[in-house]
Amino acid sequence: MKATLNYLILSLVVLSLWAGVISFGGILPEYALVFYALVAITTSVWGVKWIFCRRVSGIWIPLHVPVLTFLGYSLLRYFTSPVEHDSRVDLLHIGIYVTLYFLVAQNLHRSRDRLTILWALIILAVAQSFYGLWQYKTGSDQVLWLERGLDYHGRGSGTYYCPNHLAGFLEMALGLIVGWLIAYRNPDSPLQNRVLRNLFAVAALGFIGLGLYSTGSRGGWIAVGAAIPVLLVLAEVTRAVPSRILIIVFVIFACGVAGVASIRTVRERVSQTLAVDLGYRWGEQPVEVKGGIVGRTPIWRSTLRLIRDHPVIGTGPGTWRWMQLKYRLPESSIRPDFAHNDPLQLVAEYGLIGLILILAVFVCFYWQAIQLTRTSAETATRAFAIGALAAVTAILIHSFVDFNFHIPANASIVAVILGLVAAPALSEKERTRVPLLIKTVFGITLIALSVALAWVGRSRALASRAASRGFAAAQEHEWDDAVREYQTALRLDPHAPEIHSLIGDIYRTQSSLTTDEDLQEERKLIARRGVDSYKRALELNPYHPEIMLKMAAACELAGDPAQAFRWYQQAFQVDPNNAFAWIALGNFYRRQGDTVQAIAALEHARKLNPGDSTAVNILKQIRSAQP
């Protein structure tokens with residue numbers, strides 16, 4: 018029975034990783050239901066194993082300590098968070114990652130398990146590379162049945178929405194396969210099998226490399242370019258691989274880098290980020306940073322200002338996108354959901370305590386992986402440890418310019434890699450036998466945890482799906498159907514501020530469309546229903562400026578301009594440099610007949626976002642209407 022359950026756990030872990038990647042990286046909750054369900058089922062099978070198997074063993078290594086401590090700290094911060102819903106989503110994902118880590122670390126400690134997951138990830142990476150290359154060659158913006166944004170046109174993203182996140186997955190797969198190629202030896206295998214296996218691995222490496230190229234991800238390219246030399250240095254220091262092989266790999270890698278650098282599109286893409294002065298003289302600037310990095314630096318600067326005010330414990334899980342608005346700079350005209358720098362966002366949300374715990378996780382991981390390359394008698398274990406070092410190094414480097422650790426599929430793969438490195442720490446004979454009472458209680462706890470993961474994940478996924486149906490109905494002005502779908506979503510997730518806001522949008526839109534003079538009282542009544550919905554949304558998230566602006570519009574429709582003005586002022590308290598909010602205020606003054614204040618607000622909006630012509634056009638209209 019134990020062997021059967023181990024096979025089942027291995028299969029379910031593989032299916033969970035595949036489901037996460039295929040379902041748009043797990044970032045869209047309405048499509049992540051299968052991913053959530055598979056993780057929950059795998060956890061329940063582990064619980065059954067603890068309860069019904071006679072002999073169950075476990076391991077305890079240093080890496081477990083910071084992992085568990087960070088989970089406990091995340092739970093504590095959830096209960097003290099100012100935005101419960103967003104913190105709950107963050108806690109759900111952290112719970113999934115920690116669960117996968119321990120599932121793997123405690124159950125999948127055989128070479129067969131590591132090789133199965135390794136090749137499962139490589140096969141998936143090859144498939145994703147083919148899909149990404151097709152998107153790149155055809156210029157398709159289709160991701161399965163969804164259309165992605167035009168910002169990513171001409172780049173491969175596979176089943177991810179963003180090409181940078183496909184790059185995050187492929188760079189991990191590439192690191193794993195390079196480690197396997199340079200370190201795995203099985204002299205007992207027939208020569209023909211070894212040759213065929215290596216040829217397949219080399220072909221897979223080539224396709225993954227092409228897939229990485231198709232993403233156009235500068236962060237992904239840099240991450241691989243830095244991670245492979247780190248892998249070679251660590252392999253040399255630990256004597257895990259003969260030096261002659263490392264020299265050959267380095268020469269091949271250097272030739273590959275030179276070949277890639279000779280491609281015109283690559284040079285153009287990199288030049289959008291870095292401009293190198295070949296005629297550099299002492300005292301001049303040798304490298305100019307521009308392009309995408311410059312677009313992100315205002316976000317990073319505002320995040321640093323946020324960290325300065327909340328250095329120890331941060332603002333709370335998942336709250337960065339709301340709390341940083343107060344600190345964002347005038348030149349940052351967008352409202353991103355992520356900081357495009359995972360370490361900075363970690364400190365902003367969890368403080369220095371969270372940073373220390375996560376640093377401890379990766380320090381323990383590197384120590385454990387290096388120990389395996391030195392002490393393991395199995396070449397499969399050494400090969401996986403070397404590949405894991407490259408994979409994790411690549412994703413960590415990439416995380417400084419992107420947010421791959423906030424993509425459930427990629428973060429889950431990192432958790433599984435960490436678990437596979439932790440798993441072979443002790444042999445089967447050295448693993449601790451667990452007493453009957455303890456293993457029964459722990460098994461029941463695991464089943465309860467699986468139920469909790471399934472319940473929270475199901476509620477989030479189905480609520481998001483119902484909200485999407487409601488939004489589609491609202492676009493067609495099918496108001497009753499939209500409200501019905503939104504009410505279904507609220508029954509599943511009553512504390513979701515966005516859903517309350519969407520209901521408010523329906524009433525506000527209905528009120529604005531009621532223009533008949535005989536129906537003015539009914540118009541105000543409908544607007545007040547919108548005010549009630551927005552009020553509930555702001556009770557759940559008091560830092561959402563867009564809902565405040567909608568609330569102001571609804572109050573104006575309800576015949577209460579004074580209250581509307583107060584909500585505009587409230588929006589500026591949480592997001593003072595929001596150019597759109599200043600345009601909305603200018604239009605409000607214009608409708609109230611205060612031309613002077615309208616012009617002042619619109620001029621301020623124009624200064625905040627000079628690239629947007631909206632404020633300029635309205636100013637022209639106002640001034641042309643003046644005598």
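My numbering numbers the first residue of the sequence shown as 18 and each following residue consecutively.
For glycine and all other residues, C-beta sits at the position ideal for the given N, C-alpha and C.
- prompt: Around the Cβ of Lys154, are there at least 16 other Cβ atoms within 10 angstroms (buried) or fewer (exposed)?
  reply: Note on Lys154: under 16 other CB atoms within 10 angstroms of its CB, so exposed under the neighbour-count rule.
- prompt: Per DSSP, which one or two residues make a beta bridge with Gln159?
  reply: Glu164
- prompt: For Met18, which three-state DSSP category applies?
  reply: coil
query: Sorted by chain position, which residues of the same chain lie with C-beta nearer than 8 Å to Asp522's C-beta, five sequence neighbours on each side aside?
result: Ala491, Gly547 and Lys567
message: Give me the residue from Tyr48, Gln638, Ala554 and Arg129 with the minimum Cα distance to Asp103.
response: The candidate whose alpha carbon is nearest that of Asp103 is Ala554.
task: Flag this pair as yes or no: are the beta carbons of Ala365 and Ala122 separated by less than 7 Å?
output: no
query: Should Ile330 and Ile262 be called a contact, given that it needs their Cβ atoms to be closer than 7 Å?
result: At a Cβ-Cβ threshold of 7 Å, Ile330 and Ile262 do not count as neighbours.
- prompt: Where does Ile140 sit, in a helix, a strand or coil, going by DSSP?
  reply: helix
- prompt: Does the separation of the CB atoms of Ser61 and Ser349 fall below 7 Å?
  reply: no
task: Spell out a yes or no on whether the region 408-424 and the region 243-251 are touching, meaning 3 or more CB-CB pairs, one atom from each, closer than 8 Å.
output: In short, these stretches touch, since the Cβ pair count reaches three.
query: Where Leu295 and Arg235 are concerned, what is the direct C-alpha to C-alpha distance, given to the nearest angstrom?
result: Because Leu295 carries a pLDDT of 42, less than 50, the predicted location of this residue cannot be relied on, and no value is offered for it.
message: Measuring straight from C-alpha to C-alpha, what distance separates Met189 and Thr320?
response: 27 Å
query: Per DSSP, what kind of secondary structure is Ala36 in: helix, strand or coil?
result: helix
query: Can you tell me whether DSSP reads Cys272 as helix, strand or coil?
result: helix
Whole-Å CB distance - His415 paired with Ala240, under 8 Å assumed: 4 Å
message: Does the distance between the C-beta of His126 and the nearest non-hydrogen atom of the ligand COA fall short of 6 Å?
response: As for the ligand COA, it is missing from this structure, which has no ligand bound.
Neighbourhood of Gly156 by C-beta distance below 8 Å, restricted to the same chain and skipping five residues each side: Counting only residues of its own chain and dropping the five nearest sequence neighbours on each side, Gly156 has a CB closer than 8 Å to the CB of His170 and Gly171.
field: As assigned by DSSP and simplified to three states, the class of Pro627
entry: Correct three-state label for Pro627: coil.
- request: Can you tell me which of the three DSSP states Ser174 falls into?
  value: coil
field: C-beta contact flag for Ala596 and Ala622 at 7 Å
entry: yes
message: Please give the ranges of any beta strand (DSSP E) in the region 375-453, keeping only runs that are unbroken, at least 3 residues long and fully inside the region.
response: none
message: Helix, strand or coil for Ser234? Go by DSSP, reduced to three states.
response: Assigned with DSSP and collapsed to three states, Ser234 falls in coil, not helix or strand.
field: Which of helix, strand or coil DSSP assigns to Gln586
entry: helix
field: Exposure label - Tyr24; buried when at least 16 CB within 10 Å
entry: Tyr24 comes out exposed.
field: Unbroken alpha helix (DSSP H) run spanning Arg352, endpoints
entry: Run containing Arg352: none; DSSP gives neither H nor E here.
task: Using the Cα positions of Leu216 and Ser146, report the straight-line distance between them to the nearest angstrom.
output: 18 Å
query: Are the beta-carbon atoms of Ala356 and Ile316 separated by less than 7 Å?
result: yes
- request: Tell whether a beta-carbon distance below 7 Å holds between Tyr585 and Ile564.
  value: Between Tyr585 and Ile564, the C-beta gap is not smaller than 7 Å, which leaves the two residues out of contact.
task: Rounded to whole angstroms, what's the CA-CA distance from Tyr606 to Phe582? Just pull it up for me.
output: Looking at the backbone, the Cα of Tyr606 and that of Phe582 are separated by about 9 Å.
task: Determine, using beta-carbon pairs with one atom in the region 172-181 and one in the region 371-389, whether at least three such pairs fall under 8 Å.
output: no
task: May I have the straight-line CA-CA distance separating Ser476 from Arg391, to the nearest angstrom?
output: 46 Å
field: Whole-angstrom distance between Gly233 and Ala292, CA atom to CA atom
entry: Its pLDDT being 48, under 50, Ala292 is placed unreliably by the model, and the measurement read from it follows with that caveat. Looking at the two C-alpha atoms, the distance is approximately 17 Å.
Rounded C-alpha distance that separates Leu389 from Thr255: 10 Å
- prompt: From Val613 to Glu620, what does the alpha carbon distance come to, in whole angstroms?
  reply: 11 Å
query: Using 8 Å as the Cβ pair cut-off and three pairs as the minimum, do the region 72-90 and the region 495-510 touch?
result: no
task: Decide yes or no for the touch test of the region 220-234 against the region 130-149: beta carbon pairs closer than 8 Å, at least 3 of them.
output: yes
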